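Asker: First to last, the sequence lines map onto chains A and H. Numbered per this note's numbering, the first sequence spans residues 1 to 505. Numbered per this note's numbering, the second sequence spans residues 1 to 1015. Where is the CB? At the ideal position from N, CA and C, for every residue including glycine. On a predicted model such as this, the values are computed, not experimentally measured, just so you know.
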Amino acid sequence: MKKNIYLLILTATLVSSAWSCKDALIIEPRQSIEASTALTTKDGISASIISVYSRLKNLRVYGRDLVALPEALADNGFATNKSGRLLPEAQNVVNAHFTIGLWQTAYSGINQANLILEALPSATDPTITAADKISWEGQLYFLRALNHFTLVEAFAYMPGAVVASQNRGGVPVMLKSVGTSDAALALLPSRAPIDDVYAAIVSDFEAANQRLTNSTLPNVASKVAAQAMLSRVNLYRKNYTEAKRWADSAINSAGTRLSTASNYVANFRAATNPETLFQVFFATNGENLGVNESLQTSFTTLQGVGSTVTGGFGDLVPTISLLNALGITLTGGNTNAVFTGGNASIATRSADVRNLLFEVGTTGRGLSKVECTKFIGKSGFINLDNIPVIRIAEVYLNRAEAMATPGSPVFNETAALADLNRIATNRGLTSFTLTGTALYEEILNQRRIELAFEGHRLWDLKRLGRDIVKTPHYVNLNFTDTRLLAPIPQREVDGNKNLAQNPGY
Amino acid sequence: MRKLVLLICSTLLLFGQLMAQTRTVTGKVMDGDGKPVANATVMVKGSTSGTSTDAEGNFSIQVPANVNRLVVSAVGLATSEIALGSAATGLRISLKQEDRNLEEVVVTGYTARKKRDEAGAISSVKGEEIRNLPNPSLDKALQGRAAGVLVQSNNGIPGGAINVRIRGQGSILAGNEPLYIVDGVQMNTRSDANFTQSNPLAFLNPNDIESIDILKDAASAAIYGAQASGGVVVVTTRKGRAGKTRFEANVYFGQATPLQKLDVLNSQELFQLRSEGYAWPNSLAPGDLAIKRTVLNEFRVPGAGAFTDKQADSAINALPTYDWQDEVMRTGSIQNYELAASGGNDRTTFRISGSYSYQQAIITKADFQRGSMKFDMTNKATDKLTIGTSLNLSTYNQELPFAVSGSFLGSPAFAGATIYPFNPIYNADGTFFGLPPANLAGVLNQNIVAVNEYNKGLNRTNQLVGNINLAYQIAPWLSFRPYFGLDYRLVQGKQYRDPRTPDGFAVRGIGNVESEWNTNFMTSQLFNYNFNLGAKSKIDGLVGYEYRVENQEGITASADGFPTYQFTTLNTAANARPPGEFFTGYKRQSLFGQLNYNFDSKYLISGTLRYDGSSRFGANKRYGLFPAVKLAWNIDNEDFLANARAVSTLRLRASWGATGNDQIGNFDGLGLYGGGFVYNNQPGISFSQLANPELQWERNQTFNLGVDFGFFRNRINGSVELYNKLTKDLLLSQPVQLTTGFSSITRNVGQVTNKGVELTLGVDLFKPKASGNFGWTTTFVFTYNKNSVKQLYNNLQELPGDPSIRVGRELGSVFTQKYAGVNVATGRPMWYDTLGNLTYQVLARDRRYIGDAQPNYWGGLNNTVRWKGFSLDVFFQYEYGRTITDGQANFMLENIARLNANKEVYNQRWTAPGQLTYLPRMNVNGAEQKGSGAGSGSRNFFKADYIRLKNVTLSYDINSEVTRRLKINNARFYIQGTNLWTYSDWYSYDIEFVGDATGIIPQSKNFTVGIQFQF
């Protein structure tokens, strides 16, 4: 019996010691770290900033949507239905628009930027220098501004081009971080007025400009990139004085980067176009966006430069009106309204070197079309391309438009014409001699050609309040049509009474 | 000290007996019908010596002169004690049939109890019921056999995932899987394979199963506390019995054939649809020459651009049609071989079994190949100490097709039916047509037969499930039972994208490998007690401690650039891709106890308490308490029913209990920064999860009322259960505004209820009067379950972002726009808007409740007919009340003709004004201008009710002179068929699936023949 008592005591002791052991239920994750320790070291902070850049690569951000959708939704893109992708967008089907992915990724980038900005003053790691902090702040302000900007472009009207009865404001502006469950549960933001959102964006880009220096590579935020973005944002909000002033600064900072007619194609075929002031960079093939939705597969069936092998789907190709603007005439293809019953073939090309980036694709996925080959695996692997956010050519066009817009405080047709011709002559065209509306319209036309398939067209029509002419491919989309604006994600509206949905959804 | 003296004395006594003189006793053992019982165990009472009967039931045994009792036992029969008179030869011993139902033993978790002593809602499935069914994993075999248990195949991958729900779905975020326990080892049922589905329960050869007991009510399951909210499935494997060593061999083989081929179009029909698709949106006639040229061009007819009308027509007529489905489908082979040996003496019993099983799916090249070995041993080391072990080693290999599901160009089940049929499969010389750099015409431009043939994939799972258990009798009323269990699993996958196929062509082949290992260790230390409080009251129960830890780790590697297609190992490749590694794990510890009180076998009362801790929860809420109470009244034991002839069994049961659910991510309560970001050649980290220190169990409370009945000597028997299961503090990914930078926080909010009725009814329609006479037994299983979301948070009626979860409706509600058919004049699809008016363009506000994806009624019907040596089992299962959508069908009902379509489209599409039909006109753009896509809203949701003849088995017991001479005790020959007939109309491969059916490997119709020997 004694033996049994010992046994009982032993078992009881073992169990109670196991029970009271503090580690009994502790197990640490290994792919993640405790949140409170993340922003205390130099490496932790710089790695956190990397994640904010990294989000720009997302397919729903610059990875595809911010480049392809402004072309498909507007009058530059015709959907071939080879994989079925981008067809609803090209047809302006309700809800086929920018999605929750953009909203979510951009706001999570903004919050991560806010978390770091708030942690920086108290970061005590002795290896962090004052210069580190200034550079980090500059990059974070730039990224926060860029994310707010992409959101307000997609989900709201643009300043000075508003259908008042359908205006529900801009987007929520997030300048403070959310770091706890309680804060996250409590946050039910409303949409800030459009002008306030743009003011916040300008303020952030200006703060970035103050802190950043010029870097040699456009892969991270730099002073010139901030200045160039300020010229665009101010042009969009119709502050022409500021648009011109920042364009001047950017052009000054950039130096001679504009390609010439002779090296335009080669520069565009390089992994990094020398004209680029800021791009979303894809360093390794591990970051490849893949065969279904990358920009290469979206825009072309060609597997590579000079290849006739079928690679991608070629889901979105230029419309007849864009091809005409580019100086390309066809003997077939590119529209479903005219049945010539054949594959695309180019009859003639103008001297505009920009049309050399538009080529006949393969028949590997159905009838061939003329396709845009601005994205064609330039970083050494199929479907791997850096994605330009802003190029110097645009800055010239921003300045030209700021000076040629009727009623602009910096109205100067001569200077505007000079900027226009700087673009034209470097693209194989002869100089224009235009004034008034003709000059203004030609600047817009050159902007359409210069920035075709780079994700600008919808914004340029929307900010000027213009109707979108989609015939002969599709039905036109008037400026007052509610499908112009993206739907605010349903789950956001469902969970937040303060957040107004755009009309028509 | 007194005990020691006693021990010595008794040992001496025993010794004395052995020295005593013996005599020979002979006899014959028979069952109630007078049929000889082979392999019955005959023991000398109070000793260690015994023997077993031969095929004729005869035995001969040496019995000490001073002993006058024998103990005789046999499987399925009641044990009997025989007094030896003076005549000790030629004894005729008759063993009574065990009462089929209530004398059965149920394994209720840590203990086995007589069903009559148990007050919970427990369904049992005996091993014999599911023996030889060609199912790789045991969960599949439960389908339709236990009331309240819903079993649905995700697909037909042999060894693939099975969806099991006991009494409905209670949880939204957390898992709803039951806890599986195999011989005490708490299994982890997660599929760890990346390249296919691998079901961890496939490690066990289902023929090694003795019984499966399903603890359905929370009161029964509460002994497993926080893991038990999905119910508990207790699997007991077959063990050895004392007696002569017995061998059992079993072989079956057969084939699997497709349930159905999909009815697709020929090339001319497809041409017609595609032409209409161009014609209508462009206001042209389908026969317009420009359209013919365009479509012929798409179909890659050379020179089509310049064809005349006549040339075009003859080209259309000349289009060939190839049957791609035939090439990706096959008749699969099924083989199974088993050998087992079992036996032992009164001190040691053992069972050893080995099996090999091979099964091919009907889609190339999915298959399943398993080898398993099982060893069970129990030894009475001393009178007080028993040690035992059970070890199961198994390895199973699954060969993989290019993809096991999904709308991949290379997914055989998807693309085989949908490739443009005029594409040839082979060139004239027998080589594959359309390999890169060439391709096929159409969106599906890969030669799926070549892709499937050339690409390689293999998944191997090595699994060890075993335990060591001890039992030490501390006192007659108290025993101590330490238990150690291990479930170790290594999953290795390899996938090779051949450079001759499109995916591998540009990069010269891609190789991927993965290894994942999972160590799941547990121990429990139990004290069992039982004593009598006077003549009529008994108390028994247990107290225990349990600890479980599980770690899961894995690595992945991949490379591309192989020299030739013959090289597939990564070290031969030119470019290594970034490797991957991960780790996760959790720990649990618990204290628990149970107390059962039994008064005169009339009134039973039982209580359970478990205190559970899990590492998965917030720092402030790691531990939870789970109580349960059960009551039963065995009315048939009351005096007033003693003489009631009609009523043979009548029991009333009631129980209430609480269980928990912790089936969430291992680290869901922590605030975390995670990696996985890369930019500019640098790694990035980000705030990935907000902390919730208050995160705790989801609680499940079930009230259960049950009646067991048996009338006319149990010729009509069964049980009825009523339950009401309330799940509260629901584990939910509560959405937060995305503007916060986060999408959700795991919190405890909301409530879900499941209310239901379960009926099990067995009737002996013909009870054989004598052995071999005609007998017919039928068993009907019926379940009704009503699932309802009771509450969410912040008074929301719908979960933001997930309209399928709404207050007052079932989980998995279909909430969408109602399809209104086709505009008779234009052929455009229409829907109802929020006001009930017709609209071409659907909006979020137009959505309404259409149905839900959960069945309301399901169950099975089994009939067993016996006559002489023949036995016929016919088993039906049924399901009613699901509204689901089938991805494969949706693609094939499109109005675009970008893929080959279902014949239904050809037959029902709108073709001319005035035509009343439900399928819209063709349109290559899918959506009409200013219209929504034709497949929007409820258009592709269908009712998925069915009755299926799941299984038919015909067997014959051969007991001839020949088998006797060969010393074969029992030989059985059987023929079996599965999925033989289905009552439903479904456009796609199979109605029985869960999730999205696009490109899934469907189930098959199986035929097997087999033979089984015992010797």
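When you compare the CB of residue 930(H) with every CB in chain A, is at least one pair closer than 8 Å?
Answerer: The residue labelled residue 930(H) in the question sits at position 930 within the second sequence. Yes, because at least one Cβ of chain A sits closer than 8 Å to the Cβ of residue 930(H).
Asker: Considering only the beta carbon of each residue, do residue 179(H) and residue 148(H) sit closer than 8 Å?
Answerer: Counted from its first residue, the second sequence places residue 179(H) at position 179. Counted from its first residue, the second sequence places residue 148(H) at position 148. No, these two residues do not count as a Cβ contact at 8 Å.
Asker: Report the neighbours of residue 81(A) on chain H: residues whose CB is nearer than 7 Å to its CB, in chain order.
Answerer: Sequence index remark: in the first sequence, residue 81(A) carries index 81 (1-based). Within 7 Å Cβ-Cβ: 898, 924, 925.
Asker: List the DSSP bridge partners of residue 703(H).
Answerer: Against the second sequence, residue 703(H) aligns to sequence position 703. Answer by DSSP bridge pairing, in chain order: 656(H), 724(H).
Asker: Could you pull the start and end residues of the beta strand (DSSP E) that residue 984(H) belongs to?
Answerer: Within the second sequence, numbered from 1, the residue matching residue 984(H) stands at position 984. Element bounds for residue 984(H): n/a, residue is neither H nor E.
Asker: Check this for me: beta carbons of residue 76(A) and residue 486(A), under 8 Å apart or not?
Answerer: Stepping through the first sequence from its first residue, residue 76(A) is reached at position 76. Stepping through the first sequence from its first residue, residue 486(A) is reached at position 486. No. Outside cutoff.
Asker: Have a look at the DSSP bridge pairing and note the partners of residue 545(H).
Answerer: One-based indexing of the second sequence puts residue 545(H) at position 545. According to DSSP, residue 545(H) bridges with 525(H), 591(H).
Asker: For residue 229(A), decide whether its Cβ has a neighbour in chain H, counting only Cβ atoms nearer than 8 Å.
Answerer: One-based indexing of the first sequence puts residue 229(A) at position 229. No - not a single Cβ of chain H is within 8 Å of the one on residue 229(A).
Asker: In terms of residue numbering, what span does the alpha helix (DSSP H) encompassing residue 247(A) cover?
Answerer: Here the question's residue 247(A) lines up with position 247 in the first sequence. Its alpha helix (DSSP H) spans residues 240-254.
Asker: In chain order, what residues of the same chain have a beta carbon less than 8 Å from the beta carbon of residue 499(A), not counting five sequence neighbours either side?
Answerer: Numbered from its first residue, the first sequence carries residue 499(A) at position 499. Cβ within range, chain order: 172, 188, 189, 190, 191, 488, 492, 493.
Asker: Is the CB of residue 667(H) under 8 Å away from at least one CB in chain B?
Answerer: Structure shown: chain B not included; protein chains present are A and H.
Asker: Spatial neighbours of residue 939(H) within its chain, please: CB distance less than 6 Å, with the 5 preceding and 5 following residues excluded, ordered by chain position.
Answerer: The residue you call residue 939(H) lines up with position 939 of the second sequence. These residues qualify, in order along the chain: 819.
Asker: DSSP three-state call for residue 304(H): helix, strand or coil?
Answerer: Translated into positions along the second sequence, residue 304(H) becomes position 304. Helix.
Asker: To which residues does DSSP link residue 1020(H) through a beta bridge?
Answerer: Past the boundaries of the shown model lies residue 1020(H); chain H is included only from 1 to 1015, so the question cannot be answered.
Asker: Can you list, in chain order, the residues of its chain with a C-beta nearer than 7 Å to that of residue 236(H)? Leave out the 5 residues immediately preceding and following it.
Answerer: For the purposes of this step, residue 236(H) is identified with residue 236 of the second sequence, where counting begins at 1. Cβ neighbours of residue 236(H) beyond the five flanking positions: 107, 183, 210, 211.
Asker: Residue 338(A) to residue 458(A), Cα distance in whole Å?
Answerer: Here the question's residue 338(A) lines up with position 338 in the first sequence. Here the question's residue 458(A) lines up with position 458 in the first sequence. Confidence at residue 338(A) is low in this model, with a pLDDT of 49, below 50, so the placement of that residue should be treated as unreliable; the coordinate-derived value is given next. Their backbone Cα atoms lie some 25 Å apart in a straight line.
Asker: Identify whether residue 764(H) lies in helix, strand or coil by the three-state DSSP scheme.
Answerer: Within the second sequence, residue 764(H) is the residue found at index 764, counting from 1. DSSP places residue 764(H) in strand when its eight states are reduced to three.
Asker: Provide the residue span of the alpha helix (DSSP H) that contains residue 54(A), from first to last.
Answerer: Counted from its first residue, the first sequence places residue 54(A) at position 54. Where residue 54(A) is concerned, the enclosing alpha helix (DSSP H) stretches over 42-54.
Asker: Between the C-alpha atoms of residue 946(H) and residue 985(H), what's the straight-line distance to the nearest angstrom?
Answerer: Counting from 1 along the second sequence, the entry for residue 946(H) is found at position 946. Counting from 1 along the second sequence, the entry for residue 985(H) is found at position 985. Using only the alpha carbons, I get a separation of about 8 Å.
Asker: May I ask which residues mark the beginning and end of the beta strand (DSSP E) holding residue 1047(H)?
Answerer: In the structure as shown, chain H starts at 1 and stops at 1015, and residue 1047(H) therefore has no counterpart that could be examined.
Asker: Using a C-beta to C-beta distance shorter than 9 Å, which residues of chain H count as neighbours of residue 111(A)?
Answerer: If you number the first sequence from 1, residue 111(A) lands on position 111. Chain H residues near residue 111(A): 687, 739, 740, 741, 742.
Asker: 8 Å is my cut-off, CB to CB: does residue 622(H) come that close to chain A?
Answerer: Within the second sequence, numbered from 1, the residue matching residue 622(H) stands at position 622. With 8 Å as the cut-off, residue 622(H) counts as an interface residue toward chain A.
Asker: Please go through the region 64-128 of chain A and give each complete alpha helix (DSSP H) segment of 4 or more residues, from N-terminal end onward.
Answerer: Here the runs fully enclosed are 65-73, 87-90, 100-119.
Asker: What does residue 281(A) touch in chain H if you count any residue whose Cβ is under 8 Å from its own?
Answerer: Working through the first sequence from its first residue, we reach residue 281(A) at position 281. Within 8 Å Cβ-Cβ: 679, 680.
Asker: Looking at the strands, I want to know which residues DSSP matches up with residue 94(H).
Answerer: Taking the first residue of the second sequence as position 1, residue 94(H) is located at position 94. For residue 94(H), which the question treats as bridged, DSSP gives the partners 30(H).
Asker: If you follow the alpha helix (DSSP H) that residue 317(H) is part of, which residue opens it and which one closes it?
Answerer: On the second sequence, position 317 is the one that residue 317(H) refers to. 309-317 is the extent of the alpha helix (DSSP H) around residue 317(H).
Asker: Which residues in chain H sit within 8 Å of residue 104(A), going by Cβ to Cβ distance?
Answerer: Residue numbering aside, residue 104(A) sits at position 104 when the first sequence is read from its first letter. Result: 738, 743.
Asker: Please go through the same chain and pick out, in chain order, the residues whose beta-carbon is closer than 6 Å to the beta-carbon of residue 488(H), but skip the five residues on each side of it.
Answerer: As a working mapping, residue 488(H) is identified with position 488 in the second sequence. Same-chain partners within the cutoff: 464, 519.
Asker: Can you list, in chain order, the residues of its chain with a C-beta nearer than 7 Å to that of residue 879(H)? Leave out the 5 residues immediately preceding and following it.
Answerer: Position 879 of the second sequence, counted from the start, is the residue given in the question as residue 879(H). If we look at residue 879(H) and ignore the five residues flanking it on each side, its Cβ neighbours are 855, 858, 945, 946.
Asker: For the beta strand (DSSP E) that residue 851(H) lies in, which residues bound it at each end?
Answerer: Within the second sequence, numbered from 1, the residue matching residue 851(H) stands at position 851. Taken as a continuous stretch (DSSP letters only), the beta strand (DSSP E) holding residue 851(H) covers 848-852.
Asker: For residue 994(H), does the three-state DSSP call read helix, strand or coil?
Answerer: In the second sequence, the residue the question calls residue 994(H) occupies position 994. Coil.
Asker: Against chain A, does residue 615(H) count as a neighbour if the rule is that its beta carbon must be under 8 Å from one of theirs?
Answerer: Here residue 615(H) corresponds to residue number 615 of the second sequence, with the count starting at 1. Chain A contact via Cβ: present.
Asker: So for residue 136(A), helix, strand or coil by DSSP?
Answerer: Within the first sequence, residue 136(A) is the residue found at index 136, counting from 1. Reduced to three states, the DSSP call for residue 136(A) is helix.
Asker: Verify the contact flag: residue 668(H), CB atom, against every heavy atom of the ligand ZN, threshold strictly below 7 Å.
Answerer: Among the components of this structure there are no ligands whatsoever, and the ligand ZN is therefore not found.
Asker: Tell me the DSSP secondary structure of residue 150(A) in three-state form.
Answerer: Position 150 of the first sequence, counting from 1, holds the residue named residue 150(A). Three-state DSSP puts residue 150(A) in a helix.
Asker: Check distances from the C-beta atoms of the region 937-960 of chain H to those of chain A and list, in chain order, the residues that come in under 8 Å.
Answerer: Under the 8 Å Cβ criterion, the region 937-960 of chain H contributes no residue.
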